[in-house]
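The numbering of the sequence shown is our numbering, which starts it at 114 and goes up by one. Just so it is clear, CB atoms sit at the ideal spot from N, CA and C, and this is done for glycine as well.
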Amino acid sequence: MFLSQNNIMCKKMLLTYRKLYRLPLLFMGTVSLILPLEAKAKTLITEKQTDLSTRTVISLDLLDLFRNAVRYVQISSISNEEEVEIGKQINQKLLNQQYQLYNNTQTQEYVDSIGQELVASSNSRDIPYTFQVVASDAVNAFATPGGFVYVTSGLVKEADNQAQLASVIAHEIAHINKRHSIENLKQAVIAQGIAETTGVSTNTLAQIGYQLAIDLPQSREYEYEADRVGLEILQQAGYPPIAFVNFLEQLEGGGQPEFLRTHPTNSNRIEALTQEIESSRVQ
Ligand code: ZN
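Spelled out as structure tokens, the structure:
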């Protein structure tokens, strides 16, 4: 039977993919060899691409497979771009296995606009920031590598006003700006003894990062730093920093919400925050 043009293209793409896929398997772990190969894949695909959408889809799938199969990262020198890639993979796992996005577009846009404004008005890192509300009655918020901030719908409901909500988001942005999440990830990789000289795959890093995001409370040292930097971010965006103290006190008064479990707190923390605000004379 006569093969259609499309079928011939598919076969060609498959053969190209197989050839390209074998090469990196031979040299797995060496990013310097992988990057040129990836560039080669792009060139080949561009040459073969036409305006038919089916072929474009095949090309994109092929590139995704290629990247996911071979990407290895040196944990001693993770670049911003690599951190964002790891963050995207953690995000996929979180939304597939742990949380659902809160099904309310208005709330999503509200939280995202607060977050983007805080980032824009402070000295944040040169990476994209993503703010998402996940459906959970637990009152919690957390940040993962690569600029991803998560706020539960329970926390959005708990906040009395925009400044209180912004204060928690600013605290999470501070964790990202000070690279706490990626440092936690590096330390976990070292502790597990999988920091090979050839690098660690982004898949492995994303799996460990996912576990950290759902399991591990932040260290007190990181909390104090995120509090301090978070206050600066709030202040730079024009919010009253005292809103964070008020919100923490409100949460403490309401039992033990998740946010205080994952963000160890005590009277010293609130005292330190109050002193910080008084010393900067901002109320
Ligand atoms: Zn924190």
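- With respect to the 9 Å criterion, residue 278 and residue 247 are not classified as neighbours on the basis of their beta carbons.
- Taking C-beta atoms under 8 Å as the contact rule, residue 364 and residue 354 fail to qualify, at a distance of about 17 Å.
- At a cut-off of 3 residues, the continuous stretches assigned as beta strand (DSSP E) that sit fully inside the stretch 240-327 are 243-247, 254-257 and 261-265.
- Distance from the CA atom of residue 388 to the CA atom of residue 357, rounded to whole angstroms, is 13 Å.
- At a threshold of 8 Å, residue 271 does not count as near ligand 1, since its beta carbon sits no closer than that to any of the ligand's heavy atoms.
- Per DSSP, residue 215 lies in no alpha helix (DSSP H) and is assigned neither H nor E.
- Counting only runs of 4 or more residues that sit fully inside the stretch 339-393, the alpha helix (DSSP H) segments are 355-366, 371-375 and 380-392, in chain order.
- Look at residue 331: its beta carbon is less than 8 Å from one of the heavy atoms in ligand 1.
- Taking 8 Å as the upper bound for CB-CB distance, residue 266 and residue 280 are not in contact here, some 18 Å apart.
- The beta carbon of residue 390 sits closer than 8 Å to those of 344, 354, 355, 358 and 396, all from its chain and outside the five residues before and after it, given in chain order.
- The residues 346 and 349, in chain order, have a CB closer than 6 Å to that of residue 235 in the same chain once the five nearest residues on each side in sequence are set aside.
- Only buried fits residue 199, as 16 or more other CB atoms lie within 10 angstroms of its CB.
- Residue 185 and residue 393 have their C-alpha atoms roughly 44 Å apart.
- Shortest gap from the CB of residue 339 to any heavy atom of ligand 1: under 8 Å.
- Residue 263 has its CB no nearer than 8 Å to any heavy atom of ligand 1.
- With a cut-off of 8 Å on Cβ pairs, the stretch 211-230 is not in contact with the stretch 250-261, counting fewer than three such pairs.
- In terms of side-chain proximity, the C-beta atom of residue 242 is found no nearer than 8 Å to any non-hydrogen atom of ligand 1.
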